[in-house]
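The block underneath contains the structure these notes are about, expressed in structure tokens.
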Amino acid sequence: MENVNDYVIPAARLGDAAIIRELIEQGADVNVRNELGHTPLIIACYHGHYEIARLLLATGSDVNASDNGGNTALMGVSFKGYADLTELLIHHGADLNAQHGNGGSALMFAVMFGRNAVAKLLLENGADHTLRDIRGLTAADHANQQGNVEAERLIHAFSIQPEHKDVY
1 MENVNDYVIP
11 AARLGDAAII
21 RELIEQGADV
31 NVRNELGHTP
41 LIIACYHGHY
51 EIARLLLATG
61 SDVNASDNGG
71 NTALMGVSFK
81 GYADLTELLI
91 HHGADLNAQH
101 GNGGSALMFA
111 VMFGRNAVAK
121 LLLENGADHT
131 LRDIRGLTAA
141 DHANQQGNVE
151 AERLIHAFSI
161 QPEHKDVY
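Position one of the sequence shown corresponds to residue 1 (the UniProt record's numbering), numbered consecutively onward.
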């Protein structure tokens with residue numbers, strides 16, 4: 001008999017909720033990992049599958065699991081710019097200040113790739129804009145390097161009025 005866990009990550013990649021539900025009913029591990037350390041949640045989020053992510057979180061998926069490089073689901077959605085998934089992960093307790101192997105954070109990914117709506121969500125929910133990566137760079141430094149003036153302004157607004165949610 002084949003192992004149901006072998007199918008969870010491919011189903012998460014495809015975004016097939018019916019298959020995911022069936023696999024969970026058959027006892028699949030929602031925190032199973034592939035050779036790169038990816039979990040079904042990391043894969044579903046990276047591919048923008050909101051319903052799959054919601055289902056996985058509702059059935060015990062670890063919101064803060066990281067792959068072999070230290071990347072989390074929140075980092076993936078920040079890189080891709082999925083605001084709805086960002087909100088979902090935050091609601092489920094995602095660590096806004098987790099840093100991967102090179103010290104990058106979700107906020108750094110968001111500003112580097114121009115995902116300013118996601119950056120704003122992260123800042124509004126308490127992401128630390130003063131974190132530094134292994135090169136000593138902050139999110140504002142990354143925004144500056146990418147010419148992301150909007151993100152620079154956003155970070156500046158939160159740095160002078162961090163308690164104010166409507167600064168931008």
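Where is the CB? At the ideal position from N, CA and C, for every residue including glycine.
Beta-bridge analysis with DSSP links T72 to S66.
The beta carbon of R132 sits closer than 7 Å to the beta carbons of G103 and T138 from its chain, once the five residues preceding and following it are set aside; these are given in chain order. In the pairwise beta carbon analysis, the region 111-121 is classified as not touching the region 59-73: fewer than three pairs are separated by under 8 Å. By the Cβ-count criterion, V118 is buried, with 16 or more other Cβ atoms from all chains shown falling within 10 Å of its own Cβ.
Annotation for I134: N102 and G103 place their beta carbon closer than 6 Å to its own, counting only its chain and skipping 5 residues before and after.
Across the structure, T86 and M75 are spaced so that their CA atoms are roughly 9 Å apart. Counting only runs of at least 4 residues, the region 39-127 fully encloses the following alpha helix (DSSP H) elements, listed from N- to C-terminal order: 40-46, 50-58, 73-80, 83-91, 106-112 and 116-124. With a cutoff of 7 Å on beta-carbon distance, F158 and L122 are scored as not near each other. A distance of 7 Å or more separates the beta carbons of A58 and T39.
Selection V77, A18 and G27 evaluated against L41 yields V77 as nearest (Cα-Cα). The Cβ-Cβ distance between D67 and L96 does not fall below 7 Å.
In this structure, N5 sits near V32, with a CB-CB distance shorter than 7 Å.
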